[in-house]
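K.L.:
Numbering (the numbering used here), first residue to last: 163 to 422. All C-beta atoms, glycine included, are put in the ideal place defined by N, C-alpha and C.
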């Protein structure tokens with residue numbers, strides 16, 4: 163039952179080239195940066211990444227992206243990464259854009275064994291009708307477009323609406339960052355880090371967690387556990403230096419009124 167691993171390098175050592183990864187994080191909050199950097203050093207390439215976003219230039223998944231290790235991304239938001247845009251528009255990267263709530267539910271469905279579900283989100287748009295660019299050619303033309311998805315008119319609460327069928331996401335590995343974890347793999351996440359980390363952890367066939375603090379089984383109360391250990395296969399405690407690497411995505415200031 164003790165799922166602890168001594169270092170992040172050992173935790174990701176067996177992730178092979180061509181693997182699919184569900185990676186936690188919401189913006190720069192809750193990103194498993196130490197596992198990402200260990201994977202960068204390990205050398206795996208041709209990775210398919212499922213995450214809310216692909217980091218920023220020079221941090222998070224942006225580090226793997228800049229090194230040319232990622233071949234495909236399924237995400238809901240990609241607006242903070244210039245290198246991402248360059249690779250996508252030059253035909254170096256396949257991208258599948260998915261509405262944020264739909265992405266969250268696709269990950270959750272994969273974790274609980276639901277193969278597909280209907281949602282109203284995206285019905286009647288390019289999400290359901292197809293035509294979104296998946297891959298560009300080097301000359302800027304669209305080489306691969308998204309295919310139309312199955313739709314169905316259903317009655318809910320006395321109103322008929324069109325719904326689109328979305329498939330679950332199941333990946334080879336899940337990489338997550340938690341505030342606290344115990345040796346059995348039970349995890350507690352901090353604030354916005356809870357948005358996608360539990361879902362990424364559920365979707366991975368092998369889930370690896372980096373934690374700021376490692377505690378003994380029983381120290382986390384049942385109501386404090388956001389992801390049960392049944393979903394977690396390996397857990398590694400970060401060093402103080404690793405745990406403190408928490409950049410701020412955007413820093414804004416406001417002028418202060420001078421006292422009279």
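1) When we look at the beta-carbon of residue 307 and count the other beta-carbons within 10 Å, is it buried (16 or more) or exposed?
2) Is it the case that the Cβ atoms of residue 334 and residue 368 are separated by a distance below 8 Å?
3) Under the DSSP definition of a beta bridge, which residues are partnered with residue 142?
4) For residue 267, count neighbouring Cβ atoms within 10 angstroms of its own Cβ and tell me buried if that reaches 16, exposed if not.
5) Along the chain, where does the beta strand (DSSP E) that runs through residue 198 open and close?
6) Can you pull the DSSP bridge partners for residue 248?
7) For residue 243, which option in 227, 234, 256, 253 has the closest C-alpha, if you only look at C-alpha atoms?
8) Locate the beta strand (DSSP E) running through residue 343, then write down its first and last residues.
9) Can you name, in chain order, every residue of its own chain whose Cβ lies under 8 Å from the Cβ of residue 249, other than the five neighbours on each side?
10) Can you give the beta carbon distance from residue 216 to residue 240, rounded, assuming they're within the 8 Å contact cut?
11) For a test of the three-state rule: what should DSSP assign to residue 213, helix, strand or coil?
12) Within the same chain, show all residues whose beta-carbon is closer than 6 Å to that of residue 207, passing over the 5 residues directly before and after it, in chain order.
13) Is the Cβ-Cβ distance between residue 259 and residue 233 less than 8 Å?
14) Below 7 Å CB to CB, which residues in the same chain sit around residue 289 once its five sequence neighbours on both sides are set aside?
15) Residue 222 to residue 170, Cα distance in whole Å?
16) Count the other C-beta atoms from every protein chain shown that fall within 10 angstroms of the C-beta of residue 167, then say buried if there are 16 or more, exposed otherwise.
17) Give the secondary structure of residue 271 by DSSP, where H, G and I count as helix, E and B as strand, and everything else as coil.
P.N.:
Quick look at the numbers:
1) For the purposes of this step, residue 307 is taken as the residue at position 145 of the chain shown. By the neighbour-count rule (16 or more Cβ atoms within 10 Å), residue 307 is not buried but exposed.
2) In the chain shown, residue 334 corresponds to position 172, counting from 1. In the chain shown, residue 368 corresponds to position 206, counting from 1. In this structure, residue 368 lies closer than 8 Å to residue 334 by Cβ.
3) Outside the modelled stretch of the chain, which goes from 163 to 422, sits residue 142, for which no answer is possible.
4) Position 105 of the chain shown holds residue 267. When all chains shown are included, residue 267 counts as buried.
5) By 1-based counting over the chain shown, the position of residue 198 is 36. No beta strand (DSSP E) contains residue 198, which is instead part of the alpha helix (DSSP H) from 195-204.
6) The count along the chain shown starts at 1 and reaches residue 248 at position 86. Residue pairing by DSSP places residue 248 opposite no residue, since no beta bridge is assigned to it.
7) As a working mapping, residue 243 is identified with position 81 in the chain shown. Answer by Cα proximity: 227.
8) If you number the chain shown from 1, residue 343 lands on position 181. Its beta strand (DSSP E) spans residues 333-344.
9) Position 87 of the chain shown, counting from 1, holds the residue named residue 249. Here the set comprises 227, 255.
10) Against the chain shown, residue 216 aligns to sequence position 54. Against the chain shown, residue 240 aligns to sequence position 78. Yes, they are in contact, since the Cβ atoms of residue 216 and residue 240 sit about 6 Å apart, within 8 Å.
11) Indexing the chain shown from 1 puts residue 213 at position 51. Coil.
12) Your numbering for residue 207 matches position 45 in the chain shown. The answer, listed in chain order, is 179, 231.
13) Looking up residue 259 in the chain shown gives position 97. Looking up residue 233 in the chain shown gives position 71. Taking 8 Å as the Cβ cut-off, residue 259 and residue 233 do not qualify as a contacting pair.
14) Here residue 289 refers to the residue found at position 127 when the chain shown is read from its first residue. Only 261, 326 meet the Cβ criterion.
15) As a first step, residue 222 must be located in the chain shown, where it is residue number 60. As a first step, residue 170 must be located in the chain shown, where it is residue number 8. Straight-line Cα distance between these residues: approximately 15 Å.
16) Numbered from 1 along the chain shown, position 5 holds the residue referred to as residue 167. When all chains shown are included, residue 167 counts as buried.
17) Along the chain shown, read from residue 1 onward, the residue named residue 271 stands at position 109. It is helical.
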